[in-house]
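Below is one structure, written out as structure tokens, with a few remarks after it.
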Amino acid sequence: MIVLDKATFPRDKCCGDGLTTLALRELDGLGFDHGAVIDWYDVDRAALRSPSGREVVVPLPDDGKYAAVAPRLQLDDALVELARKAGADIHDGIAFDGLTTGTDSITVTATGLTIEARYVVAADGMWSPTRKALGAGEAGYLGEWHGFRQYARNVTGPAAEQLYVWFEPDLTPGYAWSFPLPNGRANIGFGVLRDGERRIQSMKGLWEDLLQRPHVREALGEQVELEDRHTAWPIPARVDNIALTCGRTLFVGDAAAATDVMTGEGIGQALLTGRLAAEAILGAGAGQPDVASASYERAVAHHLIADHRMSALLGRVLSTSWGARGALRVVASSGDWGRRNFARWMFEDEPRAILLTPSRWHRRMLRQPGAFQSA
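Numbered continuously in the working numbering, the sequence shown closes out at residue 676.
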């Protein structure tokens, strides 16, 4: 296997750095050593604040890991090293130039390289140059979400140890977050659904205002300091309405617009679609690209499409102030069992639409342990 990436690792990636249970289980299945991520932080509870100011803390179970925070600078570099140890031929700092499709192979050209391969797995982001080269791109596509992030240090409030999600009245549809990191640091930011009116310039002003709100200052502590510059990025979330394959090319992660349409989270979905693509190729073999493509599309539909549509439906409720208030009111009154299971649902412990998709039922449904139990 040959891996090409235009970036040189380690490199930063604008992201909230949050890992859901889905992401953790995929990492665990790869044999990933989370100790390779120096600033890995396990999350055992989350504080949620509704637009009315109601705050509820939801705990996570203690039988394994259900949520964590890992800076992408370190996480992605550790994944590159894991792939290298598994035998992958890694070429970073190599930009994709183009490709030519043949009957039995694809020829990829990149900086100083010409590679003939049976398949291409395109994990090259929302504006996938591979998709464009194949004529499968969409001009003017800007994604479904805006994300805005900055790191902070000297976090002395409860956000130093606790994950926060704030459903602010002026952010719906969307939310703000603070994800804890070791040594008094945090990843803080906000995500909003694209509505055609919000622009990066106005988001910068909103960011400055958000950081001065009393409940945010209280969570972070008065001595908090921002690090470096803020960054913003678009997020694609339409896996049910995009071509997942093109001949011998399979699109994964953001290139497949596989992000969760309700939360904007995409690491778990990227890992999952990458695994499904690899399984489809291995199952079909070199001479059956149609079988590989069909197998991959079925697998993505099985794992993600129903959940995408469920998340879109739930997102429409949570996108309103009354919906977010009502949801947290129910959680607040549900007792320890209800809060703990809401946290499992929130962090994608099981697919959101699993009750509607009997083909995914299993014996320990809704009560399987978390990832990395032996860690």
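Beta carbons are placed, not taken as given, at the ideal position from N, Cα and C, and that holds for glycine. These numbers were taken from a predicted model, which means no experiment stands behind them.
Judged by beta-carbon spacing, Trp467 lies within the 8 Å limit of Arg350, meaning their Cβ atoms are closer than that value. Looking at the backbone, the Cα of Phe397 and that of Met427 are separated by about 15 Å. When only Cα atoms are considered, Ile582 and Gly444 end up about 28 Å apart. Cβ neighbours of Trp534 within its own chain (closer than 7 Å, five residues either side excluded): Cys315 and Gly448. Under the DSSP assignment, Thr532 falls in the beta strand (DSSP E) whose first and last residues are Glu526 to Ile536. Here Glu356 is bridged, per DSSP, to Arg350.
Under the Cβ criterion (8 Å, minimum of three pairs), the region 446-461 does not count as touching the region 584-597. Assignment of Glu382 by DSSP, reduced to helix, strand and coil, places it in the helix class. Trp341 is positioned such that its CB atom lies closer than 8 Å to that of Ala369.
By a beta-carbon distance limit of 8 Å, Thr574 contacts Val601. Their separation comes to about 6 Å.
For Ile543, the three-state secondary structure derived from DSSP is coil. Comparing C-alpha distances from Leu331 to each of Pro352, Glu382, Thr309 and Asp363 shows the shortest one belongs to Glu382. When Gly317, Asp313, Asp363 and Asp318 are compared, the shortest CA-CA separation from Arg645 is found for Asp363. Note that the C-beta distance between Val409 and Val421 is below 8 Å. A residue is called buried when at least 16 other Cβ atoms come within 10 angstroms of its Cβ; Lys366 meets this threshold and is buried. With a cutoff of 8 Å on beta-carbon distance, Glu566 and Thr321 are scored as near each other.
CA-CA distance, Trp623 to Ser406, rounds to 54 Å.
Per the coordinates, the alpha-carbon of Thr415 lies some 14 Å from the alpha-carbon of Gly403.
The beta-carbon separation of Ile303 and Trp446, rounded to 32 Å, does not stay under the 8 Å limit for a contact.
Contiguous alpha helix (DSSP H) elements confined to the region 429-484 occur at 430-434, taking only those with 4 or more residues. The Cβ neighbour count for Val618, taken over all protein chains shown within 10 Å, is under 16; the residue is labelled exposed.
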